[in-house]
Each structure stands twice: as structure tokens, then as C-alpha cells.
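> Take a look at this one; I'll ask things after.
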Amino acid sequence: MIGIAAFLLIGGLTFVIGDERKLPIYCVHTDEKKIAISFDAAWGNDHTIPILDILDEYDVKTTFFLVNFWAEKYPDDVKEIAKRGNEVGNHSATHPDMTGLSKEQMIEELIITGETIESLTGQKPRLFRPPFGTYNDALIETCEELGYKVIQWSVDSLDWKELSADEIIHRIISRVEPGSIVLFHNHATYVEEYLPPILEALKAEGYEIVPIGELIYWDDYYMDSAGKQILN
1 MIGIAAFLLI GGLTFVIGDE RKLPIYCVHT DEKKIAISFD AAWGNDHTIP
51 ILDILDEYDV KTTFFLVNFW AEKYPDDVKE IAKRGNEVGN HSATHPDMTG
101 LSKEQMIEEL IITGETIESL TGQKPRLFRP PFGTYNDALI ETCEELGYKV
151 IQWSVDSLDW KELSADEIIH RIISRVEPGS IVLFHNHATY VEEYLPPILE
201 ALKAEGYEIV PIGELIYWDD YYMDSAGKQI LN
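So that you can map any letter, position 177 of the sequence shown is 177 in this note's numbering, and since no number is skipped, the others follow by simple counting.
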């Protein structure tokens with residue numbers, strides 16, 4: 001939580017923050033050259049298996065955030081994501097702006113997707129990424145009550161804008177630093193072009209790429225005003 005009121009620009013989104021405003025996790029303070037990359041899955045599936053093949057080729061495990069209607073439509077791919085050692089997170093049931101929901105509706109969105117993921121993978125998801133990156137205190141409190149950490153990102157690939165592969169590669173490599181969480185989408189047009197060079201470059205720079213659950217701190221930490229976790 002943070003103190004004084006201010007305007008905060010994070011990941012291209014502007015928030016007005018006041019006393020005791022709760023923040024999701026955008027990144028982690030660490031002296032280790034360790035980062036996490038993640039893929040949101042909601043609208044398509046043409047590239048999921050190729051992404052998994054590339055991750056395997058570079059011996060990288062990551063985090064996929066799944067919407068329930070996507071998971072129900074592609075159950076075999078959900079199983080494959082987990083089978084290959086990747087982490088599976090919750091991205092809501094219907095991809096709504098969660099800040100417009102009642103607490104009961106928030107709970108329903110979380111529970112429906114969590115149960116689907118657990119039934120398909122045997123993993124109970126512990127991470128939640130809000131659709132559109134929108135959140136409020138009620139959402140974070142509800143997630144915490146259900147055992148979730150709320151995860152944003154500190155480096156946005158903007159791959160959903162269909163930037164060229166070279167533009168995306170430059171965006172990521174120029175912005176990543178220890179503790180970063182990178183946002184990709186599983187249905188981005190050029191993902192098979194930009195992902196291998198990004199993984200190669202990050203590894204060449206000495207970065208270890210891990211699932212978000214292995215990057216973040218689960219307890220004994222505080223959050224700064226930019227949503228960075230810092231150990232006590």
C-alpha cells in the first residue's frame with residue numbers, strides 16, 4: 001500500500017492514487033538478473049503450440065493467464081501448457097472490466113476460471129491478471145481473500161497492436177531490467193518471429209527467465225508507489 005495522493009503512470013495506464021491505495025504487482029526489486037515473461041490468452045489459439053515449442057527450445061518456462069471461455073474452447077492446449085511445465089494463471093471468466101463488478105460478481109469470475117484451470121491441469125491458480133489492466137481496492141482485496149496475487153506488468157510488448165517483430169524486439173530488450181514482468185499475448189501476429197530473438201538476447205545478457213510465481217515474493221515484502229515488490 002502507498003501513502004500520499006498522486007498521479008501514477010504505469011504500463012501506459014494512468015491512475016489517481018490516494019491514501020492506502022492497494023496496488024497489484026508490476027515488478028520485483030532484485031539484485032539477481034531474473035525476469036518473468038507472460039502470455040495472456042483470450043481470443044485465439046493459432047500460435048499457442050508454436051509458442052510452447054519455442055519456449056521448450058530455449059528451455060524457458062513462463063506464465064499463461066487464461067480466460068475461462070478460452071480454456072473451455074481449447075482444453076487440450078491448456079493441458080499442454082501445464083504439461084510442459086509452465087505456470088497457469090487466472091485472467092477472469094468473461095474478460096470484463098472487473099472494476100465495474102460487484103464483489104459477488106468478482107468472486108464468480110475468479111472461481112469459475114480457477115475451477116476450470118484446476119480441473120484441466122491439476123494446478124490451483126495463485127495468480128490473477130485483471131483484464132485491460134484495470135483494478136481497484138475491492139478487486140485486490142477480493143483476490144487476496146481467495147488466495148490470489150494480482151499481477152500486472154512493467155514491460156508491455158504492445159504485440160496486440162501488430163507492431164513489427166523488430167519493433168517488439170527493440171521494445172523488450174531496451175526496457176527489461178532485473179525483476180521485470182513482460183506482457184505478451186498468445187495470439188499476437190508476429191510472436192513466432194519476435195520470441196526467439198528476444199529469448200536469445202535476454203539469455204545472452206545473462207537473464208534467467210522464470211514463471212511469475214518464481215519471481216515474485218509471497219510474503220514479508222512491501223510495495224513502493226510504482227507497484228514494485230521490495231523485501232522487508
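From the three backbone atoms N, C-alpha and C, an ideal C-beta is built for every residue, glycine too.
1) Assign Gly-147 to one of two classes, buried (16 or more other C-beta atoms within 10 Å of its C-beta) or exposed (fewer than that).
2) Looking only at its own chain, which residues have a Cβ that is under 8 Å from the Cβ of Gly-12, when we skip the five neighbours before and after it?
3) Can you tell which of Gln-229, Ile-112, Ala-41 and Lys-73 has the C-alpha that lies nearest to the C-alpha of Val-191?
4) Out of Val-182, Asp-166, Asn-45 and Gly-114, which one is the CA nearest neighbour of Pro-197?
5) For Cys-27 and Lys-203, I'd like the C-alpha separation in whole angstroms.
6) Roughly how many angstroms lie between the CA atoms of Glu-104 and Glu-208, to the nearest whole one?
7) Contact defined as beta carbons within less than 8 Å: I believe Ile-112 pairs with Ala-93. What is the distance between those atoms, to the nearest angstrom?
8) On the three-pair Cβ rule with 8 Å, is the region 133-140 touching the region 163-182?
9) Runs of 3 residues minimum, wholly inside the region 23-70: which ones carry the beta strand (DSSP E) assignment?
10) Please determine, among Leu-127, Val-88, Trp-153 and Met-106, the residue with the shortest C-alpha to C-alpha distance to His-95.
11) Given that a residue counts as buried once 16 or more other Cβ atoms are within 10 Å of its Cβ, and exposed if not, what is Ala-226?
12) If I follow the unbroken beta strand (DSSP E) through Met-223, where does it start and stop?
13) On the criterion of 16 or more Cβ atoms from any shown chain inside 10 Å, does Phe-128 qualify as buried, or is it exposed?
Quick look at the numbers:
1) Along the sequence shown, one-based indexing puts residue 147 at 147. Exposed, by the Cβ-count rule.
2) Counting from 1 along the sequence shown, the entry for residue 12 is found at position 12. At Gly-12 the pLDDT is 49, less than 50, meaning the model places this residue with poor confidence; the figure from the coordinates comes in the next sentence. Only Asp-156 meet the Cβ criterion.
3) Here residue 191 is taken as the residue at index 191 of the sequence shown, counted from 1. The option with the nearest alpha carbon to Val-191 is Ala-41.
4) What you label residue 197 is simply residue 197 of the sequence shown in a count that begins at 1. Closest by alpha carbon: Asp-166.
5) On the sequence shown, position 27 is the one that residue 27 refers to. On the sequence shown, position 203 is the one that residue 203 refers to. Looking at the two C-alpha atoms, the distance is approximately 19 Å.
6) Position 104 of the sequence shown holds residue 104. Position 208 of the sequence shown holds residue 208. Taking the straight line from one Cα to the other gives about 39 Å.
7) As a working mapping, residue 112 is identified with position 112 in the sequence shown. As a working mapping, residue 93 is identified with position 93 in the sequence shown. Indeed, because the Cβ distance is near 4 Å, the residues count as touching under 8 Å.
8) no
9) 34-41 and 63-66
10) By one-based count along the sequence shown, residue 95 stands at place 95. Out of Leu-127, Val-88, Trp-153 and Met-106, Met-106 has the C-alpha closest to the C-alpha of His-95.
11) Mapped onto the sequence shown, residue 226 falls at position 226. By the 10 Å Cβ count, Ala-226 comes out exposed.
12) Position 223 of the sequence shown, counted from the start, is the residue given in the question as residue 223. Met-223 -> beta strand (DSSP E) spans 221-223.
13) As a working note, residue 128 is residue 128 in the sequence shown. Per the 10 Å Cβ criterion, buried.
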